[in-house]
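Student:
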Amino acid sequence: MTTENVSAQEAVNRLVGALEITAGRISELEEQLDELLKKFSEQNANSNVNKLKTISSEAMDADTSNASKIIKLESQIDEMCKTNQDYREQNIKRI
């Protein structure tokens, strides 16, 4: 082999080596990216579940609060009806 051929062969060998190293790095980066995407998807799913739980909990709290208000209003209506009935009975006795 001539000196030029040896130099060319060495250059080719260096390029092949660089290509192999680059391919290995790309493969590692792809694996890291896949792992990050997997973690992101899991975190996103967990976040969505937590949001749904929060919304559900808030809705249940609102329902409980509304039920409590309804019971209180029903009690007030019962008291008003009783007071009205007592008033009517007293007026009937006076007549």
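Numbering-wise (the working numbering), the sequence shown opens with residue 136 and increments by one. Where a beta carbon is used, it is the ideal one built from N, C-alpha and C, also for glycine. As the structure is a computational prediction, the values presented were derived from the model and not from experiment.
How many angstroms separate the CA atom of Ala180 from the CA atom of Asp213?
Tutor: Whole-angstrom Cα-Cα distance: 49 Å.
Student: Do you know how far the Cα of Glu165 is from the Cα of Asn148?
Tutor: If I take the Cα positions, the gap works out to 25 Å.
Student: In this structure, how does DSSP classify Thr137 when only helix, strand and coil are distinguished?
Tutor: Correct three-state label for Thr137: coil.
Student: Determine the direct distance from the alpha carbon of Ser182 to that of Gly152, and round the result to whole angstroms.
Tutor: Going from the Cα of Gly152 to the Cα of Ser182 covers about 45 Å.
Student: If we ignore side chains and look at the alpha-carbon of each, how far apart do Ile161 and Asn201 end up?
Tutor: Each residue's alpha carbon lies about 59 Å from the other.
Student: Have a look at Lys204 and Asp198 and give me their C-alpha separation to the nearest angstrom.
Tutor: Going from the Cα of Lys204 to the Cα of Asp198 covers about 10 Å.
Student: To the nearest angstrom, report how far apart Ala194 and Asn185 are at their CA atoms.
Tutor: Cα-Cα distance, rounded: 14 Å.
Student: Rounded to a whole number of angstroms, what is the C-alpha to C-alpha distance between Leu171 and Val141?
Tutor: Taking the straight line from one Cα to the other gives about 44 Å.
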